[in-house]
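Engineer:
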Amino acid sequence: MPTHGLVLQPRALPREERVEVSRLLPDGTANCAGLADHLVRHGELPPSRRSLAWRETMTTEIEHAGLVGHGGAAFPTAKKLKAVISQASRAVVIANGTEGEPASEKDRTLLTRAPHLVLDGASVAADIVEASEVLVVVHRDVRAAVDAAVDERRSAELDRVPLRVVTAADRFVAGEASAVVNWVARARPVPLGRPPRTSERGLDGRPTLVQNVETLAHLALIARHGAAWYRALGTPDEPGSMLVTLLGALEEPGVREIEIGTSVAEVLARAGGPTTPLQALLVGGYFGSWLPAHPTLSLPFSARGLGAGLGAGLVVAFPTDACGVAETARLARYLACESAGQCGPCLFGLPAIADEVEKLAEGRSNRLGDLERWLVEIEGRGACSHPDGVARLVSSALRVFAVEVAEHLEGWCTGEGERHVLPIPPGGSR
Amino acid sequence: MSSRVRIRVDRIACDGRGLCGEILPELITFDDWGFPIIKENLVPEDLDGVAHDAVELCPKLALRLEALEQECCSSKVVRTSVVATSWTPS
């Protein structure tokens with residue numbers, strides 16, 4: 003692995019246990035919120051961060067590490083860095099902690115328990131792309147924690163570029179990269195059309211690197227330990243660890259850090275394991291995919307292993323006594339209401355899809371064929387991928403809950419009463 | 123058959139006026155709400171002129187043609203419609 007003879011000799015760290023991983027989050031329930039604790043745990047960042055050689059080495063290391071975005075789209079981080087670097091004008095870095103996915107808690111947990119690792123990553127990213135400013139956009143629940151961390155860093159004069167904290171908008175689509183830029187610039191948290199991409203023309207027309215906060219935390223560790231260290235965990239295709247939000251029928255739901263490639267059953271075991279027999283799992287997010295409990299539980303938790311994107315790391319354990327059709331109907335309605343309403347196919351298509359799934363859930367479906375056609379037709383026809391996400395979710399539900407769908411067409415439901423597993427914000431927004 | 127030019131809809135600008143599909147039914151059809159579905163985004167050479175007409179005549183300036191260079195992921199906009207407004211339901 004080429005390191006250009008520079009700073010990135012991987013330190014000999016003990017290889018973590020296969021299941022218990024604590025790269026990003028400190029062990030157990032410990033916090034690493036203060037700067038002193040953070041420096042004891044991780045040490046300082048490499049000093050020579052402004053040289054061209056260091057910046058080039060870092061970009062290469064991140065590429066070799068195989069780091070991808072943890073906000074949902076799993077876009078290769080090095081590719082995004084290069085796109086921003088290739089632009090002529092002064093860049094901006096946005097650390098994206100919007101976490102608009104209502105069931106996800108991993109970004110907030112990370113920003114509460116290890117904010118300095120995220121801010122390190124944002125600072126390193128700003129050095130790599132020679133940005134003049136870093137904006138840290140965070141969910142309002144963790145604003146105070148992040149403010150405190152930024153104050154500490156300012157007093158310690160830790161960062162070359164100024165860090166500015168902004169409270170994120172509170173809606174599902176607000177976390178999409180261009181929507182974050184739109185929110186910061188114009189207080190309108192809705193996606194912008196493409197092209198150009200934010201990496202070319204984002205905030206104030208400047209090249210803008212928008213990275214999820216977890217991605218930046220990984221980046222901060224790669225800056226310290228290098229690509230080889232990063233790749234010591236995970237699979238060859240999908241190296242490293244990741245944060246997951248585990249919820250549903252589990253003993254101790256919550257956020258955990260896991261090694262990518264760990265079996266799904268082991269991942270659930272990190273949350274104490276299932277409380278009841280499971281029929282399915284929702285993986286990725288509310289824009290993700292339903293997967294059948296068998297054989298999924300024995301498969302490796304990776305995009306390749308599951309044949310489904312890991313998205314923002316949401317895993318819902320769905321019990322046998324709940325109705326997957328009814329739950330999908332609730333999600334589809336919520337997601338239809340969360341459309342920014344900018345693009346016709348999303349504005350009109352999602353409510354129609356939600357209507358049909360609701361009718362199906364109530365046992366009075368008469369347009370299943372239309373529903374299936376809409377799910378195909380809507381794909382790729384939005385300025386952002388919100389409609390694609392809904393189509394993925396509903397299509398996977400029709401597949402995984404096919405037996406339940408058939409029952410519903412006959413007027414039956416095998417679920418027990420009104421059992422809701424998935425949290426949906428009251429009134430459609432938090 | 124040529125794959126030099128690709129047709130693309132600015133989904134935010136598009137209002138579903140429907141002229142594009144009238145002019146270019148070979149490539150564009152509509153969904154149940156009158157919004158265009160691009161059946162085939164590569165414009166065959168013999169439809170080049172008509173495709174340009176469709177771009178010119180879109181009342182929302184929501185259609186564009188992009189020249190393809192090598193891979194489909196690196197494309198250059200040959201004619202971009204400047205989008206003046208986007209709308210949201212009140």
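Chains as they are written, first to last, in our numbering: chain G, 3 to 432; chain V, 123 to 212.
Each residue gets a CB set at the ideal place from its N, CA and C atoms; glycine is no exception.
1) If Asp129 (chain G) sits next to Val215 (chain G), beta carbons under 8 Å apart, how far is it from one beta carbon to the other, in whole angstroms?
2) Bridge partners of Gln89 (chain G), per DSSP?
3) Jot down the residue ranges of each uninterrupted beta strand (DSSP E) in the segment 146 to 180 of chain V, minimum 3 residues, whole runs only, in chain order.
4) Check whether the Cβ of Trp414 (chain G) lies closer than 9 Å to any Cβ atom in chain V.
5) Mind listing which residues of the segment 339 to 370 of chain G have their C-beta closer than 9 Å to chain V's C-betas, in chain order?
6) Helix, strand or coil: how does DSSP classify Trp231 (chain G) here?
7) Give the straight-line distance between the Cα atoms of Met244 (chain G) and Ala324 (chain G), rounded to the nearest whole angstrom.
8) Quick one: does Ile145 (chain V) have its CB under 9 Å from some CB of chain G?
9) Taking the straight line between their C-alpha atoms, what separation do you get for Leu114 (chain G) and Glu188 (chain V)?
10) Below 8 Å, can you find three or more Cβ-Cβ pairs linking the segment 351 to 367 of chain G to the segment 330 to 342 of chain G?
11) Only counting the same chain, and skipping five residues up and downstream in sequence, which positions put a Cβ closer than 7 Å to that of Cys34 (chain G)?
12) From Gly200 (chain G) to Gly73 (chain G), what does the alpha carbon distance come to, in whole angstroms?
13) What would DSSP say about Leu141 (chain V), mapped onto helix, strand or coil?
14) So, with DSSP's three-state summary, where would you put Pro49 (chain G)?
15) Is the Cβ of Ala206 (chain V) closer than 9 Å to any Cβ of chain G?
16) What is the residue span of the alpha helix (DSSP H) that Ala105 (chain G) lies within?
17) Is DSSP giving Asn33 (chain G) helix, strand or coil here?
18) One question on the structure: do Gly315 (chain G) and Ala282 (chain G) come within less than 9 Å of each other, judged by their Cβ atoms?
19) According to DSSP, which residues form a beta bridge with Pro78 (chain G)?
20) In chain order, which alpha helix (DSSP H) runs of at least 4 residues are fully inside the segment 325 to 389 of chain G?
21) By the criterion of Cβ-Cβ separation under 8 Å, what are the contact partners of Glu379 (chain G) in chain V?
22) Can you look up Ile129 (chain V) in the DSSP assignment and give me helix, strand or coil?
23) For the alpha helix (DSSP H) containing Glu261 (chain G), name the first residue and the last one.
24) Against chain V, with Cβ distances strictly below 9 Å, would Arg455 (chain G) count as a contact?
25) Are the Cβ atoms of Leu394 (chain G) and Phe289 (chain G) separated by less than 9 Å?
26) Taking 9 Å as the threshold (C-beta atoms), are Leu37 (chain G) and Leu126 (chain G) in contact?
27) Under 8 Å by Cβ, that's how I've got Val167 (chain G) and Ser134 (chain G) pegged, so tell me the actual separation to the nearest angstrom.
28) Smallest Cα separation from Thr237 (chain G): which of G:Ser265, G:Thr210, G:Leu211 and G:Arg226?
29) In chain V, what lies closer than 7 Å to Gly384 (chain G) by C-beta?
30) Counting only Cβ-Cβ distances shorter than 7 Å, please list the residues of the segment 195 to 222 of chain G near chain V, keeping chain order.
31) Is there at least one Cβ from chain V nearer than 9 Å to Arg432 (chain G)'s Cβ?
32) Can you name the residues of chain G whose CB is closer than 8 Å to the CB of Gly138 (chain V)?
33) Are the segment 126 to 135 of chain V and the segment 178 to 187 of chain V in contact at 8 Å, needing three or more beta carbon pairs?
34) Based on Cα-Cα distance, which residue from V:Lys161, V:Leu169, V:Arg139 and V:Glu144 lies nearest to Val378 (chain G)?
35) Using a Cβ-Cβ cut-off of 9 Å, state whether Trp185 (chain G) counts as contacting chain V.
36) Against chain V, does Asp372 (chain G) count as a neighbour if the rule is that its beta carbon must be under 9 Å from one of theirs?
Structural biologist: If we stick to the structure as given:
1) For the purposes of this step, residue 129 (chain G) is taken as residue 127 along the first sequence, with counting starting at 1. For the purposes of this step, residue 215 (chain G) is taken as residue 213 along the first sequence, with counting starting at 1. Contact flag wrong, Cβ pair sits at about 17 Å.
2) Counting from one through the first sequence, the residue named residue 89 (chain G) turns up at place 87. Answer is none; Gln89 (chain G) lacks a bridge partner.
3) 150 to 152 and 158 to 160
4) Looking up residue 414 (chain G) in the first sequence gives position 412. False, the Cβ-Cβ gap to chain V never drops below 9 Å.
5) Ala342, Gly343, Gln344, Cys345, Gly346, Pro347, Cys348, Leu349, Phe350, Gly351 and Ala354
6) One-based indexing of the first sequence puts residue 231 (chain G) at position 229. Looking at Trp231 (chain G) - three-state DSSP - the assignment turns out to be helix.
7) One-based indexing of the first sequence puts residue 244 (chain G) at position 242. One-based indexing of the first sequence puts residue 324 (chain G) at position 322. Their backbone Cα atoms lie some 28 Å apart in a straight line.
8) Indexing the second sequence from 1 puts residue 145 (chain V) at position 23. Ile145 (chain V) does not count as touching chain G.
9) Sequence index remark: in the first sequence, residue 114 (chain G) carries index 112 (1-based). Sequence index remark: in the second sequence, residue 188 (chain V) carries index 66 (1-based). Checking the sequence, you will find Thr at residue 114 (chain G) rather than Leu. Near 45 Å, if we compare the C-alpha coordinates of Glu188 (chain V) and Thr114 (chain G).
10) yes
11) Locating residue 34 (chain G) in the first sequence gives position 32, counting from the first residue. Pro28, His40, Arg43, Arg115 and Ala116.
12) As a first step, residue 200 (chain G) is located in the first sequence; it is residue number 198 there, counting from the start. As a first step, residue 73 (chain G) is located in the first sequence; it is residue number 71 there, counting from the start. The identity of residue 200 (chain G) in the sequence shown is Thr, whereas the question assumes Gly. Rounded to the nearest angstrom, the two C-alpha atoms are 15 Å apart.
13) As a first step, residue 141 (chain V) is located in the second sequence; it is residue number 19 there, counting from the start. Helix at Leu141 (chain V).
14) Taking the first sequence and counting its residues from 1, one reaches residue 49 (chain G) at position 47. Of the three classes helix, strand and coil, the one that applies to Pro49 (chain G) here is coil, per DSSP.
15) Residue 206 (chain V) sits at position 84 when you count from the first residue of the second sequence. Model confidence at Ala206 (chain V) stands at a pLDDT of 33, short of 50, so the residue's coordinates are unreliable; what they give is reported in the following sentence. It does not; no Cβ of chain G falls within 9 Å.
16) Translated into the one-based positions of the first sequence, residue 105 (chain G) becomes position 103. Per DSSP, Ala105 (chain G) belongs to no alpha helix (DSSP H) and is neither H nor E.
17) Sequence index remark: in the first sequence, residue 33 (chain G) carries index 31 (1-based). It is coil, neither helix nor strand.
18) Along the first sequence, read from residue 1 onward, the residue named residue 315 (chain G) stands at position 313. Along the first sequence, read from residue 1 onward, the residue named residue 282 (chain G) stands at position 280. Taking 9 Å as the Cβ cut-off, Gly315 (chain G) and Ala282 (chain G) do not qualify as a contacting pair.
19) Position 76 of the first sequence, counted from the first residue, corresponds to residue 78 (chain G). Answer is G:Val70.
20) 326 to 339, 346 to 363 and 370 to 379
21) Position 377 of the first sequence holds residue 379 (chain G). Those within 8 Å of Glu379 (chain G) in chain V are Asp153 and Ile159.
22) Counting from one through the second sequence, the residue named residue 129 (chain V) turns up at place 7. Strand.
23) In the first sequence, residue 261 (chain G) corresponds to position 259, counting from 1. First-last for Glu261 (chain G): Gly256 to Glu261, but that is the beta strand (DSSP E), not the alpha helix (DSSP H).
24) Outside the modelled stretch of chain G, which goes from 3 to 432, sits residue 455 (chain G), for which no answer is possible.
25) Locating residue 394 (chain G) in the first sequence gives position 392, where the first residue counts as 1. Locating residue 289 (chain G) in the first sequence gives position 287, where the first residue counts as 1. Note on identity: in this sequence residue 394 (chain G) is Arg, with Leu being the wrong assignment. Cβ atoms of Arg394 (chain G) and Phe289 (chain G): closer than 9 Å.
26) Working through the first sequence from its first residue, we reach residue 126 (chain G) at position 124. Working through the first sequence from its first residue, we reach residue 37 (chain G) at position 35. With the sequence shown as reference, residue 126 (chain G) is identified as Val, and Leu is not the correct amino acid for it. Their beta carbons are not under 9 Å apart, which means Val126 (chain G) does not touch Leu37 (chain G) by this criterion.
27) One-based indexing of the first sequence puts residue 167 (chain G) at position 165. One-based indexing of the first sequence puts residue 134 (chain G) at position 132. Their Cβ separation, rounded to whole angstroms, is 17 Å, which puts Val167 (chain G) and Ser134 (chain G) out of contact at 8 Å.
28) Locating residue 237 (chain G) in the first sequence gives position 235, where the first residue counts as 1. Taking only the C-alpha atoms, the option nearest Thr237 (chain G) is G:Ser265.
29) One-based indexing of the first sequence puts residue 384 (chain G) at position 382. The contacting residues are Arg133.
30) Gly195
31) As a working note, residue 432 (chain G) is residue 430 in the first sequence. Confidence at Arg432 (chain G) is low in this model, with a pLDDT of 35, below 50, so the placement of that residue should be treated as unreliable; the coordinate-derived value is given next. Arg432 (chain G) does not count as touching chain V.
32) As a position in the second sequence, residue 138 (chain V) is number 16, starting the count at 1. Per Cβ cutoff of 8 Å: Gly346.
33) yes
34) The count along the first sequence starts at 1 and reaches residue 378 (chain G) at position 376. Checked all of V:Lys161, V:Leu169, V:Arg139 and V:Glu144; the closest Cα to Val378 (chain G) is V:Lys161.
35) Here residue 185 (chain G) corresponds to residue number 183 of the first sequence, with the count starting at 1. It does not; no Cβ of chain V falls within 9 Å.
36) Here residue 372 (chain G) corresponds to residue number 370 of the first sequence, with the count starting at 1. Chain V contact via Cβ: present.
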